[in-house]
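Just below is one structure, and these are the notes that go with it.
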Amino acid sequence: MTSVPVLPQAPVAPRYPRRNRARLLESFDAITESCSRILATDHGHFESAGELYSLPRFVYVGRPGGGEMIRLGVFATLHGDEPEGALALIRFLERLAESPDLGQGFGLFLYPLCNPTGFEDHQREARTGVDLNREFWRNSHQPEVQFLESEIQSQSFHGIISLHSDDTSDGLYGFVRGAVLSEHLLEPALRQGNRFLSRNRRPQIDGFAARESIIHSGYPGMLQSAPETPRRPFEITWETPQKAPLDRQVSATVEGLEAILAEYRRIQSFANHI
Ligand SMILES: [Zn+2]
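Numbering (the working numbering), first residue to last: 230 to 503.
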């Protein structure tokens, strides 16, 4: 009887080399150094396979706008294979640094890399295999989610914007939740984004009923304000068509964010005068 030698199992080679977190963050650090209104911090430290990770946060403190500072949280790369939002945030910070009028009255809390292990591994889920965008306010054990939940609670944002890119959509669209205001902010943002990308005007998008590129529902566990929040912020999930040229996705997102700031300011000053 011949014995068949048992070969040791070769480790599965990753499909691509790991993406480089440091390289992505270099651009953010360069802008932070050039603009005194931007503060950089690292939070939510955790370990994965012996390596230390953290969630970077960049805060842009605008010139005082004459009232309470409007705090917005902008979250990107919660799905690790959708780094387009992080690239848009680099451009957005550059615009804010160049034109202080844009961010006047706002405190903008930008979280460009919410899923650092998924980003490195080119995958939607975190390295634990969990889709972080289904974990919010469900007693998640994922450290990224626990950190982001604590930020959402402690900063009590006036608005929450999540940036995503969808490889099944051929056009721009978004989800709205929270305050009714959300829809009135998303529409002008989509109009601006439409200068670079077409809008997805299908009656069904991603399995949800949609009207004029806007979906009024969402998935349980999506990144959003805590369920018991008394005065819910506006909540927008922005989706660019991932197969469209990257520079168009970046431009559409930056213009969309600027439109949200401008419209929020316009509605607020109108409200102050009635
Ligand atoms: Zn996504």
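We put the CB at the ideal spot given by N, CA and C, even for glycine.
Bridge-paired residues (DSSP) for residue i
i      : result
Trp467 : Leu392 and Gly403
Arg440 : Ile443
Gly336 : Val290 and Arg300
Tyr282 : Phe275
Neighbour-count burial assignment, residue i, 16 or more Cβ in a 10 Å radius
i      : result
Val409 : exposed
Leu337 : buried
Glu276 : exposed
Asp399 : exposed
Glu297 : exposed
Phe321 : buried
Leu281 : exposed
Phe499 : exposed
Pro456 : exposed
Ile496 : exposed
DSSP three-state assignment for residue i, whether helix, strand or coil
i      : result
Ala355 : coil
Val288 : strand
Asp258 : helix
Gln382 : helix
Glu195 : Lying outside 230 to 503, the shown extent of the chain, residue 195 is not represented and no answer is given.
Arg300 : strand
Phe321 : helix
Glu364 : coil
Glu307 : Residue 307 is actually Leu in this sequence, not Glu. Looking at Leu307 - three-state DSSP - the assignment turns out to be coil, as it is neither helix nor strand.
Leu419 : helix
Ala269 : strand
Tyr493 : helix
Ser277 : strand
Ser263 : helix
Arg461 : coil
Arg428 : strand
Pick from the options that is closest to residue i, judged by C-alpha positions
i      : options                           : result
Leu268 : Leu339, Arg247, Ala278 and Ala317 : Leu339
Pro312 : Leu322, Gly347 and Gln333         : Gly347
Tyr493 : Ala418, Ser446, Glu276 and Gly422 : Ala418
Glu441 : Ala259, Gly279 and Asn423         : Asn423
Ser480 : Ser265, Leu281, Arg286 and Leu316 : Leu316
Thr458 : Arg286, Arg353, Ser263 and Trp366 : Trp366
Asn249 : Gly309, Arg406, Gly279 and Ala259 : Gly309
Leu284 : Leu486, Ala251 and Ile299         : Ala251
Gln375 : Arg495, His274, Gly403 and Asn501 : His274
Ala438 : Val405, Pro462 and Ala491         : Val405
Asp395 : Tyr289, Thr261, Leu307 and Gly279 : Leu307
Gly334 : Arg363, Ala326, Leu325 and Ile299 : Ile299
Arg486 : Leu301, Gly279 and Tyr448         : In the sequence as presented, Arg is not what sits at residue 486; that position holds Leu. Here the closest residue by C-alpha is Leu301.
Leu318 : Glu416, Pro329 and Phe287         : Phe287
Closer than 7 Å: residue i CB and nearest ligand 3 heavy atom
i      : result
His351 : Ligands in the displayed structure: ligand 1; ligand 3 is not one of them.
### Message
Check whether the segment 445-457 and the segment 288-295 are in contact - that is, three or more C-beta pairs closer than 8 Å.
### Response
no
### Task
May I ask you to verify whether the segment 345-363 touches the segment 429-445, counting CB pairs closer than 8 Å and requiring at least 3?
no
### Message
Contact between the segment 368-386 and the segment 467-487 is defined here as three or more beta-carbon pairs at a separation below 8 Å; is this criterion met?
### Response
no
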